[in-house]
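Reviewing the structure listed below.
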Amino acid sequence: MQRLRHRADFLAAATAVKVPTAAFVLQARKRGDDGPIRVGFTASRKIGTAVERNRVRRRLKEVVRLSAATGLSRGHDYVLIGRRAALSLPFEQMTQDFERALRRVCK
RNA sequence: UCAGUCGGCUGGACGGCCGCUCGGACGUAGGCCGAAAGGCGGUCCGGGAGGAAAGUCCGGGCUCCAUGGGCAUACGGUGCCGGAUAACGUCCGGCGGGUGUUGAGCCCAGGGAAAGUGCCACAGAGAACAGACCGCCGCCCGCAUCUCUCUCCGCUGAGGGGAGUGACAGGGCGGUAAGGGUGAAACGGUGCGGUAAGAGCGCACCGCGCCUGCGGCAACGCAAGCGGCAUGGCAAACCCCACCGGGAGCAAGACCGAAUAGGGACGGCGCGAGGCUCGCGGCCAGCGAGCCUCGGGAUCAAUGUCCGGAUCCGGCCGUCCGGGUAGGUUGCUCAAGGCGCCGGGCAACCGGCGUCGCAGAGGAAUGGCCGUCACGCGAGGGCGCUUCGCCCUUGCCGACAGAACCCGGCUUAUAGGCCGGCUGAUGCU
RNA sequence: CGGGGCAUAGCGCAGCCUGGUAGCGCGGGAGUUUUGGGUACUCCAGGUCGCAGGUUCAAAUCCUGCUGCCCCGA
C-alpha cells in the first residue's frame, strides 16, 4: 500500500465516486492497471489550524491502517477528505463508517 | 501578612498494544511502479516539535542575477546621547519630558516650527508680526430728568422762566488691555509699586532667550551676568537636515532528464545599395564566390545627463547539437550552537577552559487507541474553633499551538505552576 | 515565499488622499393618493465606521500593532 503524492492523482480521484460520512468523504478510482493500493489524504484549510489539520489526517490514516485488510482492492486509488467532525468523533464509529463506505464504493 | 510592581524558569510523569520517519549495521539484487532518472518493500540498534515552531514586521548568513566612473535627483526607511552586536527599527546604560501615592515602577516616532509652503472647524471683538464686544479712565457735547447756587416774573405763597455747577442716561474723540466672556489655544505667570485708568512701565521671584564659566566623551546639568519677552500649536501635513538601503529569494541555486513546441551550428536554396579582387566569357553586358564601405533597427544599471564603450541582426528544407518543462536527486542541517566554571564590565555583552553532539519531512514523519498517578479548576459531601486547611466522590474539564534553508530580534496567543528582586501599608521583636 | 486590496445602517456602496457636519440607493415602519393592491409622493427609525493603542484641541479619515475575508505572482 502506497501513499498518493502527486496533485494529478488527487485531481483524477476527485472525478470518481464520492461517499460522504460524518468525519470524511471517501473517493475511489479504478486506475485500469494491476498495481498496488494507493491511498491519499486531504485536510483543507477550512478544517482549522495546522494542529487540527494534522490531527484529522492522523486519525484518518489510523482508520485506514487498522482496517486495511477489509475491502481495499488492488488497482484502485482511494482519497479521504477530512472534515472537522473527525476531531471529536469516537474512533470506533469512524472505523465502522469507513467499512460501510467501502462497501458502497465497491458496488 | 496584605497590596502593588518588575524579572526569570517551567509548559505533566509512568506504562501497554499497534504504527510513521531519519541515520547506522546486517541481509538481498530475486518482487512492484516508471520511458528514464529514480522510488517502494525485511530485521536489529539509536534519534525524532516550540517558547512562541505562529504573524512575516525588521536585521543578517547562504545562493543566484546585475554591477565602468562621476554628478544630481527620485523612492523607501531610521531619528536624544553613549555603548553592545555580524547587523538591526533590537538590547544595555545615561539624559530630557510625561505619568504613578511625584513609591517601586511604567510610557515617549524624543532631530528641525527665527529655510519655506500650508492648516487651526465651531464659538469668539480678535486665531498669528491679531483684536477692542462688555468694561475701566480722560476730554468735549449734552434735548430731557435730578441736586445745589445765583437771578427774573409774581404782594407773599404755590408755580414758572433764565444762567451756572455737579450727577446720571446718551453721543463723539482718545487712552488701556488689569477684569468679564469665547475657545484646545488669546502675544509670559504671581506679588508689590506705579498710574487718570492701565501696561515689563519699574522691581522681586519663577519661566524664556542670549552669553560666559564650570562639570560631563556626549545628550545635558549647575552657577553668574545680560535682555523686558522677541520665538502659539501641528512635521504620525508637505518639507528641511543627518544617516542607511543594488535586486530577488531554498519554488534561491546545482545535477539527471521523457513527450510536445521553440533555439543554435553545418549543408543546400534565396539575398538592401555601392566599390574592389578572382573565375566563366575574345571584350562589354551578365552570372558565381570572397572582401570592404555605406545605410537601417534594437539593447545595455530606478531615472536624467556628461565622458568613454560594448553587443545583436530576415525566410524554407535536411542532419546534428545543446538549453529546458513535467518528474527525480541535491541544497538539508554543526550553528554568530547548548551547558558548566573562571575572568573583565554597572549592564547589554566579551574573552578563556572544559564538556555535549541536539528533528530533517517533502500531499509534508514526530502518531492512534487505552490505563495508572500527580497538579489545577468547578460541583457535592464530611471533619477540624473561624479567615482557612485536610479528606472522599465526581467531570464529553485540561492553555496557546505543529518545524518546512538557518540564525539574531520584534509583535501577537497562552490553562496553570515555581523562584527571586524592589516599593508602600500594617503587625511583632 | 513575495506582493496587493477590502472591512462604514439588514444588503450594495460613497465619504478617507486634503482631519472638524457620517451620506446615497434598495430594504423596513407610518401616512397621503386608490374601491383595494401596485406605482408615485411625504415623513421616520436604524451606525462600537472590524478591534486595540498612539499623534492631535479634535480621528471613519493620519500612524502603529492585531483580527477576518478576497485577489495576484513564483
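In the numbering used here, the protein residues as written are 7 to 113.
For each residue, glycine too, the CB sits at the ideal point set by N, CA and C.
Fair warning: this is a prediction, and the values are worked out from it, not measured in the lab.
Can you give the Cα-Cα distance for residue i and residue j, rounded to whole angstroms?
i: Val-31; j: Arg-89; result: 8 Å
i: Cys-112; j: Gly-54; result: 32 Å
i: Leu-95; j: Val-70; result: 16 Å
Do residue i and residue j have their C-beta atoms within less than 8 Å of each other?
i: Ile-43; j: Arg-80; result: yes
i: His-82; j: Lys-36; result: yes
i: Ala-91; j: Ala-28; result: yes
i: Val-45; j: Leu-10; result: yes
i: Arg-65; j: Met-100; result: yes
Determine the closest residue to residue i out of the options, with distance taken between C-alpha atoms.
i: Leu-93; options: Thr-21, Val-62 and Val-25; result: Val-62
i: Glu-68; options: Glu-98, Lys-52 and Arg-51; result: Glu-98
Can you look up residue i in the DSSP assignment and give me helix, strand or coil?
i: Ala-19; result: helix
i: Leu-95; result: coil
i: Lys-67; result: helix
**Prompt:** If you pair each beta-carbon of the region 95-106 with each one of the region 17-35, do three or more pairs fall below 8 Å?
**Reply:** yes
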